[in-house]
Amino acid sequence: MERDDVAVAGMEILRPLRNSFRDGRTLLWILPAAFVAVFFYIPLAAILRMGADAALRAGLGAFSAHSILNVVGFTFFQAILSTLLTVAVGLPGAYVFARYKFPFKRLLRALWIVPFILPTVVVAAGFESLLGPNGWVNLALRGAGLAAQPFPFLHSLGAILLAHVFYNTSIVLRLVGSAWERLDPNLPDAARMLGANPWRAFRRVTLPLLMPSLLAAAALVFLFDFTSFGVILILGGPAFSTLEVEIYIQALQAFNLPAASLLSLLQIGTTLILVVISSRLSERAEAATLRVGFRTARKPRSAAERFSVAVVLSVLAALFFLPLISPIASSLVRTEPARGERTAVQAGFTLAYYQELFVNRKQSAFFATPIETARNSLLVATATMLIALALGIPASILLSRPRRLDRLVEPFLLLPLGTSAVTLGLGMLLVFSRPPLALIRSPLLLPIAHSLVALPFVVRGLKPALAGIPARLRQAAATLGASPLRVWREVDFPIAARAVLSAAAFAFAISLGEFGATTIIVRPEFPTMPVAIYSFLSQPGGLNYGQAMAMATLLMLLCVAAVTVIERTRES
Amino acid sequence: MHSYAFFRGFVRARRAGVKTVARATGLLVLLLFIVGCLTLNPQTKRTPLNTQTNRTLAVMTHDSFAVSESVLNAFEQSTGIQVDVLKSGDAGVALNKAILTKQAPLADVLYGVDNTFLTRALQENIYEPYNSPALASIPSEYRLDPQNRALPVDYGYVCINYDIAWFSARSLAVPQTLEDLVHPEYKGLLAVENPMTSSPGFAFLLSTVTHFGPNGFVDYWKSLKANQVAIADGWETAYYTDFSGASGKGPQPLVVSYSTSPAYEMIYADPPRSDPPTASLDGPDTCFRQIEFVGILAGTPNRALAEKFVDFMLDSSFQEDIPLQMGMFPVKTQAKVPEAFVQYAPIPSRPAILAPEEITAHREEWLNLWKETMLP
Numbered sequence: 074m075e076r077d078d079v080a081v082a083g084m085e086i087l088r089p090l091r092n093s094f095r096d097g098r099t100l101l102w103i104l105p106a107a108f109v110a111v112f113f114y115i116p117l118a119a120i121l122r123m124g125a126d127a128a129l130r131a132g133l134g135a136f137s138a139h140s141i142l143n144v145v146g147f148t149f150f151q152a153i154l155s156t157l158l159t160v161a162v163g164l165p166g167a168y169v170f171a172r173y174k175f176p177f178k179r180l181l182r183a184l185w186i187v188p189f190i191l192p193t194v195v196v197a198a199g200f201e202s203l204l205g206p207n208g209w210v211n212l213a214l215r216g217a218g219l220a221a222q223p224f225p226f227l228h229s230l231g232a233i234l235l236a237h238v239f240y241n242t243s244i245v246l247r248l249v250g251s252a253w254e255r256l257d258p259n260l261p262d263a264a265r266m267l268g269a270n271p272w273r274a275f276r277r278v279t280l281p282l283l284m285p286s287l288l289a290a291a292a293l294v295f296l297f298d299f300t301s302f303g304v305i306l307i308l309g310g311p312a313f314s315t316l317e318v319e320i321y322i323q324a325l326q327a328f329n330l331p332a333a334s335l336l337s338l339l340q341i342g343t344t345l346i347l348v349v350i351s352s353r354l355s356e357r358a359e360a361a362t363l364r365v366g367f368r369t370a371r372k373p374r375s376a377a378e379r380f381s382v383a384v385v386l387s388v389l390a391a392l393f394f395l396p397l398i399s400p401i402a403s404s405l406v407r408t409e410p411a412r413g414e415r416t417a418v419q420a421g422f423t424l425a426y427y428q429e430l431f432v433n434r435k436q437s438a439f440f441a442t443p444i445e446t447a448r449n450s451l452l453v454a455t456a457t458m459l460i461a462l463a464l465g466i467p468a469s470i471l472l473s474r475p476r477r478l479d480r481l482v483e484p485f486l487l488l489p490l491g492t493s494a495v496t497l498g499l500g501m502l503l504v505f506s507r508p509p510l511a512l513i514r515s516p517l518l519l520p521i522a523h524s525l526v527a528l529p530f531v532v533r534g535l536k537p538a539l540a541g542i543p544a545r546l547r548q549a550a551a552t553l554g555a556s557p558l559r560v561w562r563e564v565d566f567p568i569a570a571r572a573v574l575s576a577a578a579f580a581f582a583i584s585l586g587e588f589g590a591t592t593i594i595v596r597p598e599f600p601t602m603p604v605a606i607y608s609f610l611s612q613p614g615g616l617n618y619g620q621a622m623a624m625a626t627l628l629m630l631l632c633v634a635a636v637t638v639i640e641r642t643r644e645s
Numbered sequence: 055m056h057s058y059a060f061f062r063g064f065v066r067a068r069r070a071g072v073k074t075v076a077r078a079t080g081l082l083v084l085l086l087f088i089v090g091c092l093t094l095n096p097q098t099k100r101t102p103l104n105t106q107t108n109r110t111l112a113v114m115t116h117d118s119f120a121v122s123e124s125v126l127n128a129f130e131q132s133t134g135i136q137v138d139v140l141k142s143g144d145a146g147v148a149l150n151k152a153i154l155t156k157q158a159p160l161a162d163v164l165y166g167v168d169n170t171f172l173t174r175a176l177q178e179n180i181y182e183p184y185n186s187p188a189l190a191s192i193p194s195e196y197r198l199d200p201q202n203r204a205l206p207v208d209y210g211y212v213c214i215n216y217d218i219a220w221f222s223a224r225s226l227a228v229p230q231t232l233e234d235l236v237h238p239e240y241k242g243l244l245a246v247e248n249p250m251t252s253s254p255g256f257a258f259l260l261s262t263v264t265h266f267g268p269n270g271f272v273d274y275w276k277s278l279k280a281n282q283v284a285i286a287d288g289w290e291t292a293y294y295t296d297f298s299g300a301s302g303k304g305p306q307p308l309v310v311s312y313s314t315s316p317a318y319e320m321i322y323a324d325p326p327r328s329d330p331p332t333a334s335l336d337g338p339d340t341c342f343r344q345i346e347f348v349g350i351l352a353g354t355p356n357r358a359l360a361e362k363f364v365d366f367m368l369d370s371s372f373q374e375d376i377p378l379q380m381g382m383f384p385v386k387t388q389a390k391v392p393e394a395f396v397q398y399a400p401i402p403s404r405p406a407i408l409a410p411e412e413i414t415a416h417r418e419e420w421l422n423l424w425k426e427t428m429l430p
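Just so you know, the sequences run in chain order A and B.
Add 73 to the 1-based position in the first sequence for the numbering used here, that's all there is to it.
Add 54 to the 1-based position in the second sequence for the numbering used here, that's all there is to it.
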C-alpha cells in the first residue's frame, strides 16, 4: 500500500517531465540548456569559487578593501550623475517629439536606435575625434587662437558623462516620448483652466502620469551606465575606474585574479538586482500606459514655441550627429604626423588611412593587414547569428507556450543578460584556457561568447512574436494531419519570419560591436574590428589615429546596415 | 538544418514575410560575397597554427615591438619559417595573457618581458629553458635568469632629457639630481608620464623608489606635485607636446624620456645639426635601466623553430637593427651601434638598479600609492 503511494506520488512529480519527453519538448531544451550550462555556468562557477576564496581566505593582495569601496562608490556616482543628465536632456526632447510636428520627424525617430546599437569603441573613437588633443574642437580653439595647448576634454568625468548621455538619451526619448503621446492632453489643460500655472500643471498632473515610464527609462539608463566598459576605459583614462573597468585592470594588468573575481561577484549581484528592478518598472510602465494615442502633435505656432523647439532639436541633433560625423571626417583629413615622423604635417584631405588598412606593415599594430579584422568580425558575427538562432528559436518556441517546467528554466537562460561582458570573458578565460576544455585557441570561442550576450535579446524578440500566433491555426494544421515540425514550418515560421530576421540582425550587430568579453578572450592572431580600433586608439601618432577613425567609420556603416534591417522588419 | 528551414520558408510562405526574407537572403549573399573577397586576398592566406607540416612561428610581443622588414624577411627566406608577430597590448597585458593561457599557449615565443616583470614571468613558469649558443657573447650583467628561461635581447635607460638652448638662454643652471627638481627655480619645468599607463613613466617611478626608498618616494612625489610637475598619459604626449626640446616646442624644458632620445634628435634633425638640442641628466639614480627578454613558451609544439627565432634575435643582424627600430641598445657585445648613439647617448654613470623580485612584489602597491598621491 504505502509503496504504491510513494510510486504514485513519484509519478505525479515526474509527469511534467515525462510529458515533455513525449512531445519532444525536452529535445528542444537540450541544445540551449546544455550550451548555457557549459559556456556560462561553468565559467560563472569558476569565478564564484575564486571570488569566495579571495573573500574568505586568500585575500586581495595590493587591492585593499578601501579600493573596493572607492571603485563601487565611483561606479554608482557616475551612473547616478549620467542618468540624471540623460533624463534632463531627454525629457524636453520627449516632449517636443510627442507634442509637435516638424520636418524630418520620422527620419529622426528612426535614427534613435543608432546610438543604442553603436559599438562602444566607435562611440569612444567618435568622442576622441571630437574632443581629443587633435580633435575638431581643439583644432578649432587653436585655429581661433583661443588656446595654445590642447584643452584636456578627454580623460575626465565630463567625457564619460557626455558619452553616456549620447548613448542613452534615445531610451528616454523612446519610452517617455511614447508615453507622453498617449497622455490625455485634456488633463493638464483642465488643470490650467482651474488656475494652475504651466509649471504647476506639469508637476502635479503630467509628471505623475509620466512617472512610471520615466522611472522605467531611468532604471534602464542606470543599468547601462552602471555596466559601461569601453567608454570608461577609453574616454575616462587611468584616473577613473568603475567595477567593470577594474575587473579588467585587476585581471589583465595587475594580474590579481582573486580581486577580479571578487569584483565580478559584486558586479553580478548588483546588475541582477538592477535587471529585476528595471523589468518590474518596465512592466508597471506598460500597464500604466493607455493603449489609445492622442493625435495632438501640431506645428509650433508662436515665435517662442518655434524657438524652443528649434533649440531642443538642435541640441539633440548636435548630440547625435557630431560624434557620428566627426570620426568620418577624421578618417579623411590628416591633422598630425605619423609616429616617428619628424617633419611638419601636410594637413588636408587624404585617403591614406583607408589605403593603409590594406597594407601589412611589420612595424604597425598588426602582423596582418588591418582590413583582415573586418573579415574576422564578419565571420564571427555570422557564426554568432547562426548559433544564437539555433539556440534562440527552440528556446523561444518553448517559452512562447510555457509549461511549469519551462517557466522554471527561463530565468537561467536569461541570466547572461544580467552578467557583464567582462565578467563573462574572465570566466571563460579561467575555464577554457586549460584542459579538459582548452578552447581558447578554437575559432569558435568568440562566437560562443557573443551568442551568450545575444541570446537573451534573441529570445526576448522572438517570444512575443511566436506567442502572438493564434493557436487555432496550429490546431487546424494538426487536425489536417501535419506533424509538429510541419506545423512549425507551415504556420509558425512564415508568421514569425520577420521576428527571426530582426533577431538575426540584432545578434549580428551585437557581435560586430562586442568589446568587453572579446578583449579578454580574443586570440591575438584573430583580432576583431573593435579590438583593432582600441589598439589603434591606444597607440600614438597620426597614422594609428587615422586608421582607428577609418576602421570606426567602417564598423559604424556595418552596424547601421544591421540596424536598417531591424527597423525595416519592425516597421512593415 | 536551419538554413533548410529558412529556404523552405522562403519558398512556401505566402504571407507577409516573403519580401523581407528575400531581401535578407540577398543581404546574406552579399555578406558572404564580401567575406569571400576578403578571404581571397592572397596576403591573408596562412597556414593554421599547430598542424604537422607547420612552418609558422607565432611570436607574442608588446605593442612597441618593431623590426626592419628587410631583416625579418631575410630570416623568413633563409629558414622557410613564417613569423606571425602577435602584438598583444602593453608588456604587462601581453605577459598576463601568456600566463593565463599557459596550459594552452597562444604562441611559441614571448618577447618583451622586461626586468620589472621578469620575476612574475619566471614564478609562473611560462618559459622553457634554452641555452642558446648566442648567450656566449652576452655580458652576464644582463643575464638575470641563471636558468636561461628568459634571455636578454636589449637594454636601455629611462632618463630625464633637458632642452640645452632653453637653459642657456635663461642662464639657469641645469638641475643635477632628483632633489634639484623640487627646487622653486624649476617650478613647472618637468613633464613626466603616468606610471599607470606608460612604461617610461613607471621606470621613473622606480628611479624615485630606488633613490628615496619605499617609504620616502611618496613625499618626493608630493613635493614634485607642489612644484607643478606636468603628467601626460604617454611618452609621445610628454615628449612631442609638452617638451620644449622636441618638434612640438611645448612649455616644459625637462622631460622623462630615454637616454637615446638626444641621439634620435641628431639623426632625424632637419636641417642637419652639428650639436644636439637635448641631453640627459646624469645624476645619482636619475636614469633607470630596463632590460627586455625573450623566451620560448613552455609546451610549444614548435620548439626547433622557436630556438631558431631566439638565435635570430640574438644574432648581429637583428641586434644591430634594435637601436633605430626600438631605441634600445643591443645586449650582444659585438653588435655595432650607430655613431650618433655612441656620441649622444652616453651610458649613465650612476643608474638606478632595482632587483626584479622587489619590483614584482611591490608593483601594485607602489602604483596605488602613486595614484592616491597624484590623482586623488
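Even for Gly, the Cβ is constructed at its ideal location relative to N, Cα and C.
Given the structure is predicted, the values throughout are model-derived calculations rather than measurements.
Extent of the continuous beta strand (DSSP E) run through residue i
i                : result
Phe347 (chain B) : 342-351
Lys141 (chain B) : 136-141
Thr332 (chain B) : 332-334
Leu386 (chain A) : Here Leu386 (chain A) belongs to no beta strand (DSSP E); instead the alpha helix (DSSP H) covers 376-405.
Residue i and residue j closer than 8 Å at C-beta
i                : j                : result
Leu308 (chain A) : Ile233 (chain A) : yes
Met602 (chain A) : Ala425 (chain A) : no
Ser334 (chain B) : Pro305 (chain B) : no
Leu204 (chain A) : Phe239 (chain A) : no
Phe393 (chain A) : Ala152 (chain A) : no
Arg277 (chain A) : Ala263 (chain A) : no
Gln340 (chain A) : Thr496 (chain A) : yes
Ala167 (chain A) : Gly268 (chain A) : no
Leu574 (chain A) : Thr642 (chain A) : yes
Gly311 (chain A) : Asp287 (chain B) : Gly is not the amino acid found at residue 311 (chain A); the sequence shown has Pro there. The answer is yes: Cβ separation under 8 Å.
Ala621 (chain A) : Leu610 (chain A) : yes
Ala127 (chain A) : Ala420 (chain A) : no
Residue-level contact to chain B via CB, residue i, 8 Å cutoff
i                : result
Gly309 (chain A) : no
Phe297 (chain A) : no
Ile470 (chain A) : no
Ile186 (chain A) : no
His523 (chain A) : no
Euclidean distance between Cα positions of residue i and residue j
i                : j                : result
Arg172 (chain A) : Ala360 (chain A) : 22 Å
Val294 (chain A) : Ser243 (chain A) : 10 Å
Lys425 (chain B) : Ser584 (chain A) : 35 Å
Val167 (chain B) : Met367 (chain B) : 14 Å
Phe363 (chain B) : Ser124 (chain B) : 15 Å
Pro410 (chain B) : Gly270 (chain B) : 20 Å
Pro102 (chain B) : Ala461 (chain A) : Low per-residue confidence applies at Pro102 (chain B): pLDDT is 41, beneath 50, and the placement is therefore not dependable enough to give any value.
Arg340 (chain B) : Ile413 (chain B) : Inspection of the sequence shows that residue 340 (chain B) is occupied by Thr rather than by Arg. The alpha-carbon atoms of Thr340 (chain B) and Ile413 (chain B) are separated by roughly 18 Å.
Val145 (chain A) : Phe171 (chain B) : 29 Å
CB contact check: residue i to chain A, cutoff 8 Å
i                : result
Glu290 (chain B) : yes
Gly270 (chain B) : no
Thr264 (chain B) : no
Ser334 (chain B) : no
Lys151 (chain B) : yes
Bridge-paired residues (DSSP) for residue i
i                : result
Ser311 (chain B) : B:Cys213
Thr110 (chain B) : B:Gln136
Alpha helix (DSSP H) segment containing residue i, residue limits
i                : result
Leu424 (chain A) : It is not in any alpha helix (DSSP H) - Leu424 (chain A) carries neither H nor E in the DSSP assignment.
Asp273 (chain B) : 271-280
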